[in-house]
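Here is the structure we will look at, set down as structure tokens.
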Amino acid sequence: MNKDIANAALEMALKAGASDARISLFEGKESSIEMTDAQVENLKESFSSSLNISIFTEGKFGAFYTNRLEKEDLRSFIDNCIKATRLIAPDPFRKLPESSLYFNGVEPDFHLYDPCFDEYSFGKKLDLLKNSCSEIDFKDSRIITVASSYDDSLRREYTISSNNLEVFEQRTIFAISNEFTLRDEGDSKPQNGWNDGAAFIDEIPSGITSCGFERSIAMLGARKISSGKYNVVFENTVSSKAIGAILSALQGSSIVLKSSFLENSIGKQVFPKQMTLTDRPHVVGNINSSCFDSEGVATREFDIISEGVVNSFLLNTYYAGKLSMPRTISNPVNPCLKPNCDFGKDKIIRQMDKGILITAFNGGNTNPVTGDFSFGCEGFYFQAGEIQYPVKEMNISGNFISLWRNLCFIGNDPLGFMRRSIPTLAFNDVDISGL
Amino acid sequence: MDERLEHFYRIFGTDGAGISQVLAKALSNGGDYADIFFEYTTSNMLLLQEGEVKATSVESIFGAGVRVVCGTHTGYAYTESTALANLLNAAKTASAIALSFERRVAPVPLSLMHCRQDRYPVVTPWEDISVLKKKEVLDSLNDAVYRRSDAIVSVSGRITDSNSKILFANSLGNLYTDERPMAELSLSVVMARGSRMESAYSSRSFRMGYEFLSAGRNGEGDMGESIVEEIAEEAVNSCKRLFEASQPPCGEMAVVMGSGSSGVLLHEAIGHTFEADFIRKGTSIFSDKLGKRICREGINIVDDGTIKYNRGSVNFDDEGVEGQKTYLVKDGILNSYLHDRISAEYFGTAPTGNGRRESFRDMPIPRMRATYMESGNVSQQDIISSVSNGIYVDELSNGQVQIGAGDFTFFVKSGFLIENGKLTRPIKDTNIIGNGPAALADILAVGNNAVIDNGTWLCRKGQSCPVSCGMPSVLVKSLNVGGIYE
Chain D
0 MNKDIANAAL EMALKAGASD ARISLFEGKE SSIEMTDAQV ENLKESFSSS LNISIFTEGK
60 FGAFYTNRLE KEDLRSFIDN CIKATRLIAP DPFRKLPESS LYFNGVEPDF HLYDPCFDEY
120 SFGKKLDLLK NSCSEIDFKD SRIITVASSY DDSLRREYTI SSNNLEVFEQ RTIFAISNEF
180 TLRDEGDSKP QNGWNDGAAF IDEIPSGITS CGFERSIAML GARKISSGKY NVVFENTVSS
240 KAIGAILSAL QGSSIVLKSS FLENSIGKQV FPKQMTLTDR PHVVGNINSS CFDSEGVATR
300 EFDIISEGVV NSFLLNTYYA GKLSMPRTIS NPVNPCLKPN CDFGKDKIIR QMDKGILITA
360 FNGGNTNPVT GDFSFGCEGF YFQAGEIQYP VKEMNISGNF ISLWRNLCFI GNDPLGFMRR
420 SIPTLAFNDV DISGL
Chain P
0 MDERLEHFYR IFGTDGAGIS QVLAKALSNG GDYADIFFEY TTSNMLLLQE GEVKATSVES
60 IFGAGVRVVC GTHTGYAYTE STALANLLNA AKTASAIALS FERRVAPVPL SLMHCRQDRY
120 PVVTPWEDIS VLKKKEVLDS LNDAVYRRSD AIVSVSGRIT DSNSKILFAN SLGNLYTDER
180 PMAELSLSVV MARGSRMESA YSSRSFRMGY EFLSAGRNGE GDMGESIVEE IAEEAVNSCK
240 RLFEASQPPC GEMAVVMGSG SSGVLLHEAI GHTFEADFIR KGTSIFSDKL GKRICREGIN
300 IVDDGTIKYN RGSVNFDDEG VEGQKTYLVK DGILNSYLHD RISAEYFGTA PTGNGRRESF
360 RDMPIPRMRA TYMESGNVSQ QDIISSVSNG IYVDELSNGQ VQIGAGDFTF FVKSGFLIEN
420 GKLTRPIKDT NIIGNGPAAL ADILAVGNNA VIDNGTWLCR KGQSCPVSCG MPSVLVKSLN
480 VGGIYE
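The listed protein sequences correspond, in order, to chains D and P. Numbering that gives the first Met the number 0 applies: residue 0 is where the first sequence begins, and numbers increase by one. Numbering that gives the first Met the number 0 applies: residue 0 is where the second sequence begins, and numbers increase by one.
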């Protein structure tokens, strides 16, 4: 990575009149192999580099992006950015973080960077995908077609600022995914699949294709179910849906714009006592782990919600200043729910006895101001603690605060290779729309 | 030489000889077809919050992508430097797909194509408009909102303009240049009544220059109609109505889709499942329905890349095919799928101009443009009167579809219950699910009021593309409505 580009950009910004600036230089390498029915269909390879430039001048702020990194292109781009920034209104809260907050140590080894990334040949990647595909018999009469892919990426990010920030991070990801299209009743061709991966090529788990096949076969013959109030279990593959709207409502931008159903929630018992949501940014092996956030500020473990009480909003420097509250982080690195039991999905289903296990969502949305939601979903009907049959074309509706008040279980089974690792969750008395 | 072509050659630091060399390199291992797509896009955004324009952003994206096609197989690579050495390197990478194929073609000498009609001519380019002028637009938007209600709690507005300079060439000898403008104005308002809060959103987008601001609802240049006033009116009125609304009772029921944004139903239920990459792979529920009746006589559904100034319009698509109007359904019969070059070649038909991509970083795939249903002959009032128990929906946002199963969803921001042929209680925040073929067959009436919704619709299919959608009022016999179990 040519860090001189970032240093030159910072110098140009300050020379052109910025009172402060933060520069992030990104470099990325990606490759992908897509197969249809175990035959190569698409190959793609790319290398990219770009700059994110934050300009602070005369109390005003602008954010800029360019991938034209030749010196003269960059100089004229930055000059124009500063001119544009000067024409908008000042905002006293737009400033860089205090330098004492920056991460300035040596990042521990989170086991997230494979130094051999550039050495892996196309043949090795293709073999990995072919080996995964060999886990199942493609001649199974239920299969119409199988789309499989191998993807890898290397991402490097170097960030500096005019008040002495200097941080560097590099991450690699290797993943295999699949989608099965199967024959079902009538014209229906249901599609399901699976994806998994790791930060090191040799740690990609086996069984990805067979897992996708089993999950797909299990949904054959899915039927509609009667409308009613049900016990509902969110499988750990989709359970992050239950906290996504909460995290969004706690963000500084939502609070400042009064577009949040949690606007006046600090210090209040909004959620059940069993719910503790903690950001754990330093977990070795978690693909999201990082010692610093997007402003370069050192990350730390903290409770966002503690025993149902909302502890803090999600605030970067700007929103913390506007709300006169302590700075936290705008996007939690690795939000974790504390389990309220020592078991996962299977036992939760047994404990809930009868209800619906949701394994996929299909569309829907949340009203950010009220917390009302309505999502399409599918999964399985279970009775006497056992899966009975697959169900589809359902809507789950309600309000996120009410939903969490009906919490029964927070499992102990979060998955690793996810943007948010949330375990299986169970709620009672949930509105399901069906027949 | 063509002056405009020379200008584009200068921007990308290339020329006809260099491009021909890259295409030859791309096909050096064999293959049926190769193309190169140069792009230079700049976009500018101003953000209004708390009554002032306090943030700005600019993006500049530059590069070129090289594609090699062998039958249905594709090799793709891109570079952010358009120096010949880097282009040749990208071509070499993309050509790897052809190593196991024997077919060989030589690139045809390049010939400049001219578009028969420019679908997005610009009167005043955005680059001639100062930040101050754009700031005035957002200030007037803020005023227009506050003028309409004293219950406003917060206003957030955004004006975005962008321009993409495209230079394209392929091994068939097609060479074109295109400038693609895009303008967007969007608004979110939050209002309070007692302790209750509600929010609403409205937006407008056209492929236009600064004249966009007086383009009116349909973008047809009916100067004088202010987009600023229109979207302020829409958002404030919509928000006021939500205070009276609640989630509907749940279950299967008749749904009257209001005109305009209901077109998202077509986008999800039909558009995606007609994209011919899914048809080619046999994964779409409509894969074997070409020429067959899929809905009532008289129903016509179109995907159109030729509407002047429309967000989804293309002079040429991203693989050198001129924009066109495609009837997906004609008089109830499935008339055509949406083809890129690969699927058209596979099916032995002509491409329909639907090969689109998000940027030079992506390979083109079949994508929609403006998808709408043509008007029928029933009034909306008559349609509503014919329903004894159901809902009427008129503000929709996001949607999704499962291509193979055909199950689609769309989210309803607001509407009304229909009881005994009359609109009664306002409803909101409900997700609706249906099955594409069943819902199409269940269309019982088509209104005489087709409208294209010119909001900031974005279609995601691994990569994003601007689109639009439209619909007359339509009665669907039965759909699954999310809500409260009573």
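C-beta: ideal position from N, C-alpha, C; glycine also.
Taking the straight line between their C-alpha atoms, what separation do you get for residue i and residue j?
{"i": "P:Phe205", "j": "P:Tyr308", "result": "5 Å"}
{"i": "D:Leu181", "j": "P:Thr73", "result": "25 Å"}
{"i": "P:Lys491", "j": "P:Asp117", "result": "Missing from the structure shown is residue 491 of chain P; chain P here goes from 0 to 485 and no further."}
{"i": "P:Val473", "j": "P:Leu264", "result": "11 Å"}
{"i": "P:Thr188", "j": "D:Pro89", "result": "Correcting the residue identity first, residue 188 of chain P is Val in this sequence and not Thr. One C-alpha to the other measures close to 22 Å."}
{"i": "D:Tyr157", "j": "D:Phe291", "result": "12 Å"}
{"i": "D:Phe270", "j": "P:Met196", "result": "20 Å"}
{"i": "D:Gly343", "j": "D:Phe426", "result": "14 Å"}
{"i": "D:Pro334", "j": "P:Ser258", "result": "42 Å"}
{"i": "P:Leu45", "j": "P:Val130", "result": "8 Å"}
{"i": "D:Lys353", "j": "P:Gly405", "result": "28 Å"}
{"i": "P:Ala449", "j": "P:Met372", "result": "7 Å"}
{"i": "P:Gly354", "j": "D:Gln387", "result": "44 Å"}
{"i": "D:Phe46", "j": "D:Gly27", "result": "6 Å"}
{"i": "D:Pro114", "j": "D:Ile286", "result": "16 Å"}
{"i": "P:Asn251", "j": "P:Ile383", "result": "In the sequence under discussion, the amino acid at residue 251 of chain P is Glu, which differs from the Asn named in the question. Going by the C-alpha atoms only, they are around 17 Å apart."}
{"i": "D:Ser48", "j": "P:Lys91", "result": "20 Å"}
{"i": "P:Asn419", "j": "D:Tyr229", "result": "30 Å"}
{"i": "D:Leu424", "j": "D:Ile355", "result": "12 Å"}
Could you give the first and the last residue of the continuous alpha helix (DSSP H) run that contains residue i?
{"i": "P:Lys476", "result": "Element bounds for P:Lys476: not the alpha helix (DSSP H) but the beta strand (DSSP E), Val473 to Val480."}
{"i": "P:His6", "result": "Glu2 to Phe11"}
{"i": "D:Ser75", "result": "Lys70 to Arg85"}
{"i": "D:Met393", "result": "Counting along the chain, D:Met393 falls outside any alpha helix (DSSP H), though it belongs to the beta strand (DSSP E) covering Glu385 to Asn398."}
{"i": "P:Glu49", "result": "Note, P:Glu49: premise wrong, no alpha helix (DSSP H); not H, not E."}
{"i": "D:Asp345", "result": "Lys344 to Met351"}
{"i": "D:Phe408", "result": "Taken as a continuous stretch (DSSP letters only), D:Phe408 belongs to no alpha helix (DSSP H), being part of the beta strand (DSSP E) at Leu406 to Ile409."}
{"i": "P:Cys458", "result": "Element bounds for P:Cys458: not the alpha helix (DSSP H) but the beta strand (DSSP E), Leu457 to Arg459."}
{"i": "P:Pro436", "result": "Gly435 to Ala440"}
{"i": "P:Ile293", "result": "First-last for P:Ile293: undefined, no H or E at that position."}
Since residue i meets chain B, which of its residues come closer than 8 Å, beta carbon to beta carbon?
{"i": "D:Lys391", "result": "Among the protein chains in the structure shown, which are D and P, there is no chain B."}
Between which two residues does the beta strand (DSSP E) holding residue i run?
{"i": "D:Thr423", "result": "Where D:Thr423 is concerned, there is no enclosing beta strand (DSSP E), given that its DSSP letter is neither H nor E."}
{"i": "D:Pro230", "result": "According to the sequence as given, residue 230 of chain D is Asn; it is not Pro. Unbroken beta strand (DSSP E) run through D:Asn230: Gly227 to Phe233."}
{"i": "D:Arg154", "result": "Ile142 to Ser160"}
Hey, would you say the C-beta of residue i is under 7 Å away from at least one heavy atom of the ligand GTP?
{"i": "D:Asn411", "result": "This structure lacks the ligand GTP; in fact it carries no ligand of any kind."}
Stretch pair the stretch 352-367 of chain D + the stretch 425-438 of chain P: three plus CB contacts closer than 8 Å: yes
Would you check if the stretch 228-236 of chain D and the stretch 165-173 of chain D touch, i.e. whether three or more CB-CB distances between them fall below 8 Å? no
Any chance you could list the alpha helix (DSSP H) runs of at least 4 consecutive residues sitting entirely within the stretch 90-167 of chain P, in chain order? 130-147
Please identify, using Cβ separations under 9 Å, the residues of the stretch 243-257 of chain D that lie next to chain P, in order along the chain. Ser252, Val255, Leu256 and Lys257
Using 8 Å as the threshold, is the stretch 15-24 of chain P in touch with the stretch 367-375 of chain D, meaning 3 or more CB pairs across them? no
Suppose only complete runs of 4+ residues qualify. What are the alpha helix (DSSP H) ranges in the stretch 332-385 of chain P, listed by chain order? 340-346 and 379-384
Where the stretch 86-97 of chain D meets chain P: residues whose CB sits under 7 Å from a CB there: Leu86, Ile87, Ala88 and Asp90
For the stretch 352-366 of chain D, enumerate the residues whose C-beta is nearer than 7 Å to any C-beta of chain P, in chain order. Asn361, Gly362, Gly363, Asn364 and Asn366
Does the stretch 253-263 of chain D come into contact with the stretch 60-68 of chain D, if we say contact requires no fewer than three beta-carbon pairs (one atom in each stretch) closer than 8 Å? no
What residues in the stretch 69-92 of chain P bring their beta carbon closer than 8 Å to a beta carbon of chain D? Thr71, His72, Thr73, Gly74, Tyr75, Ala76, Tyr77, Thr78, Glu79 and Thr92
Just by C-beta distance, which residues in the stretch 15-27 of chain D are closer than 8 Å to chain P? none
Any alpha helix (DSSP H) of 4 or more consecutive residues that is wholly inside the stretch 238-304 of chain D: 240-248 and 251-255
For the stretch 181-209 of chain P, enumerate the residues whose C-beta is nearer than 9 Å to any C-beta of chain D, in chain order. Ser187, Val189, Ala191, Arg195, Met196, Glu197 and Ser198
Against chain D: residues of the stretch 13-45 of chain P by CB proximity under 8 Å: Asn43 and Leu45
Stretch pair the stretch 155-166 of chain P + the stretch 3-14 of chain P: three plus CB contacts closer than 8 Å: yes
Please identify, using Cβ separations under 8 Å, the residues of the stretch 144-172 of chain D that lie next to chain P, in order along the chain. Thr144 and Ala146
If contact is defined by three or more beta carbon pairs under 8 Å, each pair taking one atom from either stretch, is the stretch 33-45 of chain P in contact with the stretch 351-359 of chain P? yes
Beta carbons nearer than 7 Å to chain P: which residues of the stretch 176-194 of chain D have them? Thr180, Asp186, Ser187, Lys188, Pro189 and Gln190
Measuring CB atoms only, is the stretch 46-57 of chain P touching the stretch 109-123 of chain P, in the sense that at least three cross pairs come out at less than 8 Å? no
By the 7 Å beta-carbon criterion, what residues does the stretch 208-233 of chain D contribute toward chain P? Ser226, Gly227 and Lys228
Quick check: the stretch 139-146 of chain D against the stretch 114-126 of chain D, are there 3 or more CB pairs under 8 Å? no
Does the stretch 194-214 of chain D touch the stretch 240-248 of chain D, meaning 3 or more C-beta pairs lie closer than 8 Å? no
Check each residue of the stretch 55-68 of chain D: if its Cβ is closer than 7 Å to any Cβ of chain P, include it; give the result in chain order. Phe60, Gly61, Ala62, Phe63, Tyr64, Thr65, Asn66 and Arg67
Closer than 9 Å, Cβ to any Cβ of chain D: which residues of the stretch 428-445 of chain P, in chain order? Asp428, Thr429, Asn430, Ile431, Ile432, Gly433, Asn434 and Pro436
With three or more beta-carbon pairs closer than 8 Å as the criterion, would you say the stretch 265-281 of chain P touches the stretch 395-405 of chain P? yes
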